[in-house]
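A.B. asks:
Numbering (our numbering), first residue to last: 26 to 243.
#1: Confirm, please, whether the CB-CB distance from residue 74 to residue 65 is below 7 Å.
#2: Could you give the distance in angstroms between the alpha-carbon of residue 150 and the alpha-carbon of residue 101?
#3: Just the C-alpha distance for residue 216 and residue 98, rounded to the nearest angstrom, thanks.
#4: Pull up the distance between the alpha-carbon of residue 180 and that of residue 218, whole angstroms please.
#5: Please go through the same chain and pick out, in chain order, the residues whose beta-carbon is closer than 8 Å to the beta-carbon of residue 76, but skip the five residues on each side of it.
#6: Is the beta carbon of residue 51 closer than 7 Å to that of residue 58?
#7: Nearest-angstrom Cα distance between residue 108 and residue 39?
#8: Return the CA-CA distance between residue 138 and residue 176, expressed in angstroms with no decimal places.
#9: Between 71, 227, 191, which lies nearest to residue 147 when the distance is taken from Cα to Cα?
#10: Helix, strand or coil for residue 228 per DSSP?
#11: Straight-line CA distance for residue 127 to residue 91?
#12: If you follow the beta strand (DSSP E) that residue 81 is in, where does it begin and where does it stop?
#13: With a Cβ-Cβ cutoff of 7 Å, do residue 63 and residue 144 count as a contact?
#14: Can you give me the start and stop residues for the alpha helix (DSSP H) that residue 168 sits inside?
#15: From the DSSP output, in three-state form, read off residue 153 for me.
#16: For residue 60, name the three-state secondary structure that DSSP assigns.
#17: If you follow the alpha helix (DSSP H) that residue 137 is in, where does it begin and where does it stop?
#18: Should residue 195 be flagged as near chain B, meaning a C-beta pair shorter than 7 Å?
#19: Is it buried or exposed for residue 195, if we count other Cβ within 10 angstroms and need 16 for buried?
#20: Look up residue 84 in the DSSP assignment and say whether it is helix, strand or coil.
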């Protein structure tokens, strides 16, 4: 029976690498699949890994219909044995419903990869729906590490080196120009819960004391 798999972890936990490896393993056994992605760091219609591996993919805009795409492809004589979906956190809840329908009605395996929460620590819509619908959820065993050495559990965004917790969920490239100055440099970093809560990034940790926070009484 086909299944909907969801592989999740923080940034730097190897999700895209595993997506590429999953596609390779199935293709090596003669299976034919499709690869999808959205807002990949390397550009449109590309699945890329931080290890430098890349593969052509189909870009998923908000109005993309997985069910219609698969049905139309099969009707035209194409063969699809499995689907790999990277950056699935950026998919809409409706698109996850469509993927579940592909699994149930067409018996095509779907392997989705994505992070659970955004830089505000809120669940992405696509990830939330995957947790609700997937047959199997896999937390990646390759642990990303915070600058302090603890297991990283949260994704942080910095602008001009300063951690932010407000703004658009999806930022690909620079944010809007600051009045009278150049655009802010946007970067991402993985942190443990404690340092995400304290907004203590690696750069800021070098400039401030690491003394414990005062107790909330006294």
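Backbone N, C-alpha and C define an ideal beta-carbon position, used for all residues, glycine too. Just so it is clear, the structure is predicted and the values come from calculations on it, not from any experiment.
C.D. replies: On the basis of the supplied data:
#1: With respect to the 7 Å criterion, residue 65 and residue 74 are not classified as neighbours on the basis of their beta carbons.
#2: Cα-Cα distance, rounded: 32 Å.
#3: So the alpha carbons of these two residues sit roughly 42 Å apart.
#4: A direct Cα-Cα distance of roughly 9 Å separates residue 180 from residue 218.
#5: Answer for residue 76: 42, listed in chain order.
#6: For residue 58 and residue 51, yes; Cβs fall inside 7 Å.
#7: Whole-angstrom Cα-Cα distance: 18 Å.
#8: Between the alpha carbons of residue 138 and residue 176 lies a distance of about 20 Å.
#9: The shortest C-alpha separation from residue 147 is found at 191.
#10: Residue state, collapsed to three classes: helix.
#11: In this model, residue 127 and residue 91 are separated by some 8 Å (Cα to Cα).
#12: Judged by DSSP secondary structure, residue 81 falls within the beta strand (DSSP E) whose first and last residues are 79-81.
#13: The answer is no: Cβ separation not under 7 Å.
#14: Going by DSSP, residue 168 is part of no alpha helix (DSSP H) at all; its letter is neither H nor E.
#15: The answer is helix: DSSP assigns residue 153 an H, G or I state.
#16: Of the three classes helix, strand and coil, the one that applies to residue 60 here is strand, per DSSP.
#17: Residue 137: not part of any alpha helix (DSSP H); member of the beta strand (DSSP E) spanning 134-139, first to last residue.
#18: This model lacks chain B altogether; it includes just one protein chain.
#19: With fewer than 16 other Cβ atoms within 10 Å, it is exposed.
#20: DSSP places residue 84 in strand when its eight states are reduced to three.
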